[in-house]
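Take a look at the structure below.
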Amino acid sequence: MNKAKEFLKRKDVVFSAKRYGIEAMGAMAQGLFASLLIGTILKTVGMIPYLGFFATIGGYCTSVSGPAMAIAIAYALKAPPLVLFSAAGVGYAANMLGGAGGPISVLLIAIVAVELGKLVSKETKVDILVTPFVTLVAGCGLSIPVAPAIGFVTSKITDFIDFSMTLMPLLMGIIVSVVIGVALTLPISSAAICAALQLSGAVVLGTAGNIVSAGGEGLALAGGAAVAGCCAQMVGFAVISFRENGVGGLVSQGIGTSMLQMPNIIKNPRIWIPATLASAITGPLATCVFELKMYGAAINSGMGTCGLLGPIGIVLGWFGGEYPTAIGAFDWIGLALICFILPAVLSLIFAQILRKIGWIKENDLLLPQ
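Quick look at the structure:
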């Protein structure tokens, strides 16, 4: 037993929720950013007359989202070079066979393949053959039976969200907004969750050109609620902590990430109340009043105001040819209210109440230096 532990330690194979649920999942989201997200933006830019070459580039980017995710996961798991490079094939297979559950398939299967590859890496004199062989056979072989099953389960969960959001937009608006918003502030990837659940009304094509997901109105509304929840967390924390952190904190949290507040949340969980309450209000407003829908890439639904990618995703859907209705002043006003104005105002009101009753004290929101 001790020898096995020493071997795993030497190979840097660590079985932990932090390694797989935070580091690997966060890296997967970055892989999605560098392929699917930027590709979607480029394809939309390519719709402008005389800029069609951007659409061509965007198509190339989106087609390699599976390999990009797997390579990012391998990098996060500190894989040696041969394992890292071999992960591309694993990601392609898992993403293609996983269908609507492609991102989840890539996450789970790439972790197994990469860790197995790390175990055999540099253990033989023919490492250049053995390591890629083990990584690719394990990953691609596992993808054949497992990825379609993951895709099936994911599609059923997605169908349930689609159906429930259409049937109960008020309740589901609250649930989706709060849950995804909280996930954004936690050290996990809300963007990866939204991508895995396909929280968008956009049609998603597989690598072979087949439709792997054609989101309905319910998923479009769920994506809008997710944007609302994420914006509430980021804008909320940015404005209520302005007295402690100034302009730098406003920018780093408002267009960076509210995850910076996690050390303070651990010390005093009550500081999470204002932004979370704000998300519980803006979520149903997004679904029931403004009918804010995501027809951009699903990953945008979990981005909030990080680089303004949440609102940008909605706007890309408006002008990307998939949004079902004409866009007017009411839509723009709703976008501004849900993503920026209401999160700031509501969070400030709730925070002021909590400061008066002593639940939030001076410097409770001060970012670590």
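Residue numbers (numbering that gives the first Met the number 0): 0 to 368.
Even for Gly, the Cβ is constructed at its ideal location relative to N, Cα and C.
Would you check if the segment 217–225 and the segment 157–175 touch, i.e. whether three or more CB-CB distances between them fall below 8 Å?
Because the criterion of three Cβ pairs below 8 Å is met, the segment 157–175 and the segment 217–225 touch.
In terms of residue numbering, what span does the alpha helix (DSSP H) encompassing Cys-139 cover?
Start and end: 126–166.
Cut-off 8 Å between Cβ atoms - residues of its own chain near Thr-206, not counting five sequence neighbours on either side:
Note that Thr-206 scores 45 on pLDDT, short of 50, meaning its location in the model is unreliable; the coordinates nonetheless yield the value given after this. Counting only Cβ-Cβ distances below 8 Å, and skipping sequence neighbours, we find Ser-62, Gly-65, Tyr-91, Asn-94, Met-95.
Going by beta carbon distance, what residues of the same chain come within less than 6 Å of Val-175, once the five residues before and after it are set aside?
Closer than 6 Å at the Cβ level, and outside the excluded window around Val-175, lie Ala-221, Ala-224, Ala-225.
In its own chain, which residues sit with a C-beta less than 6 Å from the C-beta of Trp-142, not counting the 5 before and 5 after it?
The displayed chain sequence assigns Ser, not Trp, to residue 142. Only Ala-92, Ala-93, Leu-96, Ile-108 meet the Cβ criterion.
Using DSSP with H/G/I as helix, E/B as strand and the rest coil, what is Leu-364?
Coil at Leu-364, not helix or strand.
Within the chosen definition, does the segment 131–145 reach the segment 72–89 through at least 3 CB pairs nearer than 8 Å?
Result yes; three or more Cβ-Cβ pairs closer than 8 Å.
Below 8 Å, can you find three or more Cβ-Cβ pairs linking the segment 343–354 to the segment 267–277?
Look at the beta carbons and you see the segment 343–354 touching the segment 267–277: at least three pairs across the two are nearer than 8 Å.
Compute the distance between the beta-carbons of Ala-285 and Ile-337, then report whether it is under 8 Å.
Going by beta carbons, Ala-285 and Ile-337 fall inside the 8 Å limit.
Cα-Cα, which of Gly-306, Pro-273, Val-178, Leu-366 is closest to Gly-245?
It is Leu-366 whose Cα lies nearest to the Cα of Gly-245.
Take the Cβ of Ala-182 as the centre, count every other Cβ of all protein chains shown within 10 Å, and call the residue buried at 16 or more, exposed below.
Ala-182 comes out buried.
Rounded to whole angstroms, what's the CA-CA distance from Gly-248 to Asp-363? Just pull it up for me.
About 14 Å.
Lys-117 vs Val-238 beta-carbon contact at 8 Å:
Using a Cβ distance threshold of 8 Å, Lys-117 and Val-238 do not count as a contacting pair.
Roughly how many angstroms separate the alpha carbons of Gln-197 and Ile-326, rounded to a whole number?
If I take the Cα positions, the gap works out to 23 Å.
In chain order, what residues of the same chain have a beta carbon less than 6 Å from the beta carbon of Ala-146, not counting five sequence neighbours either side?
Ala-93, Leu-96, Gly-97, Ser-104, listed in sequence order.
Alpha helix (DSSP H) containing Lys-117: first to last residue?
Unbroken alpha helix (DSSP H) run through Lys-117: 101–119.
With a threshold of 8 Å, are at least 3 pairs of Cβ atoms found where one atom belongs to the segment 252–263 and the other to the segment 301–318?
Inter-segment contact for the segment 252–263 and the segment 301–318 is present: three or more beta-carbon pairs are separated by less than 8 Å.
If you run the structure through DSSP and keep just helix, strand and coil, what is Gln-260?
Gln-260 falls in the helix class under three-state DSSP.
Please classify Gln-29: does DSSP put it in a helix, a strand, or coil?
The answer is helix: DSSP assigns Gln-29 an H, G or I state.
So which of Met-171, Leu-7, Gly-215, Phe-236 has the shortest CA-CA distance to Cys-287?
By alpha-carbon distance to Cys-287, the top candidate from Met-171, Leu-7, Gly-215, Phe-236 is Met-171.
Quick check on Thr-286: does DSSP put it in helix, strand or coil?
Three-state DSSP puts Thr-286 in a helix.
Let me know if Gln-29 comes out buried or exposed under the rule of 16 or more other beta-carbons within 10 Å of its beta-carbon.
Classification for Gln-29: buried.
With C-beta atoms as the reference, is Ala-227 less than 8 Å away from Thr-157?
At a Cβ-Cβ threshold of 8 Å, Ala-227 and Thr-157 do not count as neighbours.
How about Val-113 and Val-129: are their beta carbons less than 8 Å apart?
No.
Under a three-way DSSP split, which group does Met-293 fall into?
When DSSP states are grouped into helix, strand and coil, Met-293 belongs to the coil group.
Contact check, Pro-273 vs Gly-235, beta carbons under 8 Å:
Pairing Pro-273 with Gly-235 gives a Cβ-Cβ distance under 8 Å.
Are there 16 or more other CB atoms within 10 angstroms of the CB of Phe-32, so buried, or fewer, so exposed?
Buried, because 16 or more other Cβ atoms sit within 10 Å of the Cβ of Phe-32.
Top-ranked residue by Cα proximity to Pro-186, from Leu-259, Phe-339, Val-152, Ser-34:
Of Leu-259, Phe-339, Val-152, Ser-34, the residue nearest in Cα terms is Leu-259.
Own chain partners of Gly-333 with C-beta closer than 7 Å, once the 5 adjacent residues on each side are dropped
Cβ neighbours of Gly-333 within its own chain (closer than 7 Å, five residues either side excluded): Phe-289, Leu-291.
Between the Cα of Leu-76 and those of Gly-200, Gly-25, Cys-60, spot the shortest distance and give me the residue it belongs to.
Nearest C-alpha to Leu-76: Gly-25.
Quick check on Tyr-49: does DSSP put it in helix, strand or coil?
Tyr-49 falls in the coil class under three-state DSSP.
Within 10 Å of its beta-carbon, does Gly-208 have 16 or more other beta-carbons around it, so buried, or fewer, so exposed?
Here Gly-208 scores only 43 on pLDDT, less than 50, and its place in the model should not be relied on; the value that follows carries that caveat. Exposed is the label assigned to Gly-208, since fewer than 16 other Cβ atoms lie within 10 Å of its Cβ.
Hey, out of Leu-50, Gln-232, Ala-67, Asn-299, whose CA is closest to Leu-341's CA?
Among Leu-50, Gln-232, Ala-67, Asn-299, the Cα nearest to that of Leu-341 is on Gln-232.
Lys-17 to Thr-324 span [Cα, whole Å]
Cα to Cα, Lys-17 sits roughly 43 Å from Thr-324.
Since Ile-298 contacts Leu-35 with CB under 8 Å, what's their CB separation in whole angstroms?
Correct: roughly 6 Å between the Cβ atoms.
Terminal residues of the continuous alpha helix (DSSP H) containing Asn-1?
Under the DSSP assignment, Asn-1 falls in the alpha helix (DSSP H) whose first and last residues are 1–9.
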